[in-house]
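Undergrad: Numbering (my numbering), first residue to last: 162 to 269. Okay, here's the structure, questions in a sec.
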Amino acid sequence: VTAVVGRSSPQAIAGVITGIGFIGGGVVFHGEGGLIKGVTTAGAVFAVAGVGVVVGMGHLWLGALTAGLVLLVLELRNVPVLRLLDARRYEARFRDDYEPPAEVRRRR
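Structural data, given as structure tokens:
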């Protein structure tokens, strides 16, 4: 066990980053059709850990500013004007013109 000396300990911060990295990796799942889900959640968990480290080091204003920025970034997708940029909205207008090679079609 490493003793925490002073206002910050690089070993403690490295331990937090390692632990949260494993937790974040655990929330990423493969969904239907091979789609990967949970990446935003994993990123949010990692960002919250970063805010916790900053606040734990005594930088309350920087932690509050960072937390506000993280919330802003996570909520941008819910702004009605920006929903017009979502690619899934226009998916029905396009078709896939890629034809895989014959050997790939046989494997399916």
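Just so it is clear, CB atoms sit at the ideal spot from N, CA and C, and this is done for glycine as well. Since the model is a prediction, treat every value here as computed from it, not as a measurement.
Can you tell me whether V162 is buried or exposed, with buried defined as 16 or more other CB within 10 angstroms of its CB?
TA: Translated into positions along the sequence shown, residue 162 becomes position 1. Summary for V162: the model assigns pLDDT 45, below 50, so the residue's position carries little reliability; its value from the coordinates is reported in the next sentence. So V162 counts as exposed.
Undergrad: Is the beta carbon of V240 closer than 7 Å to that of V214?
TA: What you label residue 214 is simply residue 53 of the sequence shown in a count that begins at 1. What you label residue 240 is simply residue 79 of the sequence shown in a count that begins at 1. No. Outside cutoff.
Undergrad: What separation, rounded to the nearest whole angstrom, lies between the Cα atoms of Q172 and R238?
TA: Here residue 172 refers to the residue found at position 11 when the sequence shown is read from its first residue. Here residue 238 refers to the residue found at position 77 when the sequence shown is read from its first residue. Cα to Cα, Q172 sits roughly 36 Å from R238.
Undergrad: Could you check whether the Cβ of R250 sits closer than 6 Å to any heavy atom belonging to the ligand ATP?
TA: The ligand ATP is not part of the structure shown, which contains no ligands of any sort.
Undergrad: In this structure, does DSSP put F283 in helix, strand or coil?
TA: With the chain covering 162 to 269 only, the question about residue 283 has no answer from this structure.
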